Amino acid sequence: MFFSRRLRLLLLLSLAPLALRGQETSAGRIPDEDFYLMPAFGEGTVYLRGQGPAAGRINICAVDQTLRFIDDDGTELSAADQDAITRVQIDTVWFLRSGGAFYRMYPVSSEIGIALRRDTKVIRDAKKGAYGMTDQTSSIRQYSTLYTDGAAQQLNRNQAANYAVSETVCLYCRDAVVKLSKANLKKLFPDRKDDIDAYFKSGKALPATVDAARTLISSWLQ
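Under this note's numbering, think of the first position of the sequence shown as 116, with each following residue one higher.
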């Protein structure tokens, strides 16, 4: 596989081989659709700063925000220099890397759009209070409680491994991701400052979903 050869020098480690979807049904395993940003590994392209792009079967981990790919022998690997990655395309979905995280891109124009960050947070042993982010290996069965923003949340009491998935709606302009805020909206739309002021003076809050944010941004691009 071209991708494996292309990034051979960037490999940091070989993760413990992970069961493909449906092959492991242990209650302690985080479902792939929550552990990764895409529901399954797909054919994609990685764009690297100062280097040519590389293609392969890839996905992105929502727990530690690392790019993962399948090597020639079927082993899941993680690239070492994550900060060299600028963008990733998996199937038809684009991700922008900024501030150590991957953001799914929802374009509104050729340069501006909504950037969605999704994080899955876990703790290894709730009784000991050793919470934090960790990698998915064979020890995944030890997970018991998961945290988001420092607060424990039981999403499904019937599961031995509970987890919290949080999403943050942001903005992007070209390759920069910024917080969705009144000030940043004015920076992105300097000709619409009066409209932006009127929006907030009417008592409306910042949009909390991708669809609502796209609708709002689109109205200011017309």
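Ideal Cβ positions, reconstructed from N, Cα and C, are used throughout, including at glycine. These figures come from a predicted structure and were not determined experimentally.
Contained alpha helix (DSSP H) runs [length at least 4] in the segment 141-211, N- to C-terminal order: Correct list: 147-150.
Local Cβ density within 10 Å of Tyr181, reported as buried at 16 or more and exposed below that: Inspection of the sequence shows that residue 181 is occupied by Thr rather than by Tyr. Burial state of Thr181 is buried, judged by a 10 Å Cβ sphere holding 16 or more other Cβ atoms.
Pair within 9 angstroms by beta-carbon distance, Glu226 and Cys285: Going by C-beta atoms, Glu226 is not nearer than 9 angstroms to Cys285.
Between the CA atoms of Thr330 and Lys308 - distance to the nearest angstrom: Rounded to the nearest angstrom, the two C-alpha atoms are 17 angstroms apart.
Three-state secondary structure assigned by DSSP to Pro222: Under the three-state reduction of DSSP output, Pro222 falls in the strand class.
Enclosing alpha helix (DSSP H) for Thr283 [first to last residue]: Run containing Thr283: none in the alpha helix (DSSP H); it sits in the beta strand (DSSP E), 279-288.
Alpha carbon of Tyr221 to alpha carbon of Ala230, nearest angstrom: If I take the Cα positions, the gap works out to 6 angstroms.
Ala170 beta carbon less than 9 angstroms from that of Phe150: Cβ distance not < 9 angstroms, so Phe150 and Ala170 don't count as in contact.
Euclidean distance between Cα positions of Leu336 and Pro305: Their Cα atoms are separated by approximately 11 angstroms.
Distance CB(Ile173)-CB(Phe156) smaller than 9 angstroms: Taking 9 angstroms as the cut-off, the Cβ atoms of Ile173 and Phe156 count as close.
Where Ala267 falls: helix, strand or coil (DSSP): Here Ala267 scores only 31 on pLDDT, less than 50, and its place in the model is too uncertain to base an answer on.
9 angstroms Cβ cutoff met for Cys202 and Glu282: Checking the sequence, you will find Arg at residue 202 rather than Cys. No, the pair does not count as a contact, with Cβ atoms beyond the cut-off.
Buried versus exposed, by CB contacts within 10 Å (16 or more), Thr207: So Thr207 counts as exposed.
N-terminal and C-terminal residue of the alpha helix (DSSP H) that Thr330 is part of: Where Thr330 is concerned, the enclosing alpha helix (DSSP H) starts and stops at 325-336.
Inter-residue spacing [alpha-carbon to alpha-carbon] between Leu321 and Arg219: Inter-residue distance for Leu321 and Arg219 is about 19 angstroms (C-alpha atoms, whole angstroms).
Counted within 10 angstroms of its Cβ, other Cβ atoms place Thr235 as buried (16 or more) or exposed: So Thr235 counts as buried.
Where Phe315 sits in the DSSP three-state scheme: In the three-state reduction of the DSSP assignment, Phe315 falls in the helix class, which pools H, G and I.
Nearest residue (CA-CA) to Arg212, options Gly165, Lys302, Val161: If we check each option's Cα against that of Arg212, Val161 comes out closest.
Inter-residue spacing [alpha-carbon to alpha-carbon] between Gln257 and Ser193: Residue placement at Gln257 is flagged as unreliable, the pLDDT there being 28, under the threshold of 50; the coordinate-derived value follows with that caveat. In this structure, the alpha-carbon of Gln257 lies about 22 angstroms from that of Ser193.
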